[in-house]
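> In the working numbering, the protein residues as written are 1 to 172. C-beta atoms are modelled at their ideal positions from N, C-alpha and C, and glycine is treated no differently. All of these numbers come straight from a predicted model, not from anything done at the bench. Quick one: the structure is below, questions incoming.
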Amino acid sequence: MKSDREMETEDVLRKNGNSPITITNSGNRSSNSVINKKKQKKHYHRNLKQIFLLSFDALRERKARSALTILMVVVGSGLMVALNGMSAGQTDFINKSLNSLAPNVLFVTPGQNGFRGPTGPSTIIFNSEVVNRIKSLPYVQDVVPAYQGQLQLNAQGNILNAQVFAYKPEKI
Numbered sequence: 001m002k003s004d005r006e007m008e009t010e011d012v013l014r015k016n017g018n019s020p021i022t023i024t025n026s027g028n029r030s031s032n033s034v035i036n037k038k039k040q041k042k043h044y045h046r047n048l049k050q051i052f053l054l055s056f057d058a059l060r061e062r063k064a065r066s067a068l069t070i071l072m073v074v075v076g077s078g079l080m081v082a083l084n085g086m087s088a089g090q091t092d093f094i095n096k097s098l099n100s101l102a103p104n105v106l107f108v109t110p111g112q113n114g115f116r117g118p119t120g121p122s123t124i125i126f127n128s129e130v131v132n133r134i135k136s137l138p139y140v141q142d143v144v145p146a147y148q149g150q151l152q153l154n155a156q157g158n159i160l161n162a163q164v165f166a167y168k169p170e171k172i
């Protein structure tokens, strides 16, 4: 148990920025020593030359670790460049493939078209006569009639709305 005097001494030391340490010997006698926190803090001010010399000394002392770190940076940056190149190449390939899929195809639909297809009633009925007239236009190579509509499927009380798109598969 600490005496009042020891407690007061510790309080004064703490206020001044010091820490008391109690050391107990084998003879159960205790003695107080003081660590001055202000003296422990050392600030190292180095110039740029000293920093580089210190870092190169560390590189020389830890050769394997330094070599592995350098290898990691080189391989990592090389992989990032390779992945970016592959990604750009794949994007270009996909764009060219999609652009080559019938870029000269024109869809003609009756009525008004909205975002999801025809919205209003059809004022023109597409029949074989209309198809033949479109075929006779200049620069038209072929006409593929198709049917698009919505229907409602009802099976065992489950209702499903579906979109139907019908055409001759050999014309694709």
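What did DSSP end up calling Gly78 once you bin it into helix, strand or coil?
helix
> Just to check my reading of the structure: Lys135 and Val143 have Cβ atoms closer than 8 Å, yes? What is that Cβ distance to the nearest angstrom?
5 Å
> Checking the sheet assignment: what are the DSSP bridge partners for Gly208?
Only positions 1 to 172 of the chain appear in this structure, which leaves residue 208 out of reach.
> Please state whether DSSP places Asn158 in a helix, a strand or coil.
Note: Asn158 maps to strand in three-state DSSP.
> So what's Gln90 in DSSP terms, helix, strand or just coil?
helix
> So, for Gln150: in the same chain, excluding its five sequence neighbours on each side, which residues have a beta-carbon less than 6 Å away from its beta-carbon?
If we look at Gln150 and ignore the five residues flanking it on each side, its Cβ neighbours are Gln163.
> Taking DSSP as the reference, what is the three-state secondary structure of Leu71?
helix
> To which residues of the same chain is Leu68 closer than 6 Å at the C-beta, ignoring the five residues directly before and after it?
Non-local beta-carbon contacts of Leu68 in its own chain, meaning distances under 6 Å to residues more than five positions away in sequence, are absent.
> Have a look at Ser31 and Gly76 and give me their C-alpha separation to the nearest angstrom.
Below a pLDDT of 50, predicted positions are generally treated as unreliable, and Ser31, at 49, falls in that range; the measurement from the model is reported next regardless. Roughly 58 Å between the two C-alpha positions.
> Could you give the distance in angstroms between the alpha-carbon of Ser97 and the alpha-carbon of Gln141?
22 Å
> Is Asn161 near Gln152, with beta carbons less than 8 Å apart?
yes
> Along the chain, where does the alpha helix (DSSP H) that runs through Leu48 open and close?
Leu48 to Glu61
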